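What follows is a set of notes on a single structure, which appears directly below.
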Amino acid sequence: MSELAERYGAIVAAIAERASQASRDAAEIQLIVVSKNHGPELVRELHSLGQRDFGENRDQEAKPKAEQTQDLPDVNWHFVGQLQSNKVRSALSYSRIIHSIDRPSLLSSIQKELVLQNSLASGFIQLNLTDDPGRGGVQPKDLLEFAEKAVEVSNLEILGVMGVAALDRDPRIDFETIAAASQSLRGLIPSAKSISAGMSHDFKEAIDFGATHLRIGTVITGKRNL
Ligand SMILES: *Cc1c(COP(=O)(O)O)cnc(C)c1O
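Laid out in structure tokens, this is it:
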């Protein structure tokens, strides 16, 4: 077995184990392997092991990779990084799930493009868990006001909230904030139950706090080589 296959198997098992410890159904937790900084061959090998959901954070890197793996059946590309409005058309050409919806101008660009394509997409509202506006994301206090705008976008299904826990403190603090935000979002959009949270170093805690979409890179993919 390759080292990649071993790491992948170990993380899939760790997710199932933590879900069971947290009395959660592992089937409701989706693993998205973040393939950034790795070439299409990594996507091919993981696909051969059964992985179908992949995440990318930069359009310049994601688009060629998606094109080079177009022959693989049933692949879902998740766009997880900050998305500039002028990249929306490109991103929506290969990705149907945007994890980083965080401002009205981005909503308008997505709406325009979906109407033009006459197609559907889904996405998460990203929360900013820091005081730094440059990090992207909606401040938790502004979530509902933004969500009211997001529900107006025809063809876009809001799945829930997304967040990146701060590195300099216990991730459980941020996962608790995300869980509370999820609860309040569901008051407005009852179907928006999903939570995109948890990365290599904190996915176990994220599972404890209800994450449904884990975005995991390095512990599976290994050292970045692009
Ligand atoms: C890179 C990235 C990840 C994965 O990070 P790892 O620490 O490598 O698991 C998850 N989410 C986003 C938004 C990312 O940019």
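So the sequence shown is residues 7 to 232, counted in our numbering.
We put the beta carbon where it would ideally sit given N, CA and C, even for glycine.
Computed from a prediction, not measured in an experiment: that's the story for all the values here.
query                                                                                                                                                        : result
Quick one: is the Cβ of HIS44 within less than 7 Å of any heavy atom of ligand 1?                                                                            : no
Run through the stretch 156-190 for me and flag every whole beta strand (DSSP E) of 3 or more residues, listed as ranges in chain order.                     : 162-168
Could you work out which residue in GLN36, SER202, THR224 is closest to VAL86 when comparing CA atoms only?                                                  : SER202
Got a sec: does ligand 1 put a non-hydrogen atom nearer than 7 Å to the Cβ of GLY142?                                                                        : no
Three-state secondary structure (DSSP) at ILE103?                                                                                                            : strand
Between LEU89 and the rest of its own chain, which residues show a CB-CB distance below 7 Å, the 5 nearest in sequence each way excluded?                    : ALA97, ILE104, SER106, LEU112
Ordered along the chain, which non-local residues of its own chain (more than five positions away) have a Cβ less than 8 Å from that of ASN63?               : VAL40, LYS42, PHE85, VAL86, GLY87, GLN88
Report all residues from its chain with a CB closer than 8 Å to the CB of SER160; omit the five preceding and five following residues, and keep chain order. : GLN117, LEU120, VAL121
Helix, strand or coil, according to DSSP, for ILE195 in the structure here?                                                                                  : coil
I need the straight-line Cα distance from LYS69 to VAL49, nearest angstrom please.                                                                           : 13 Å
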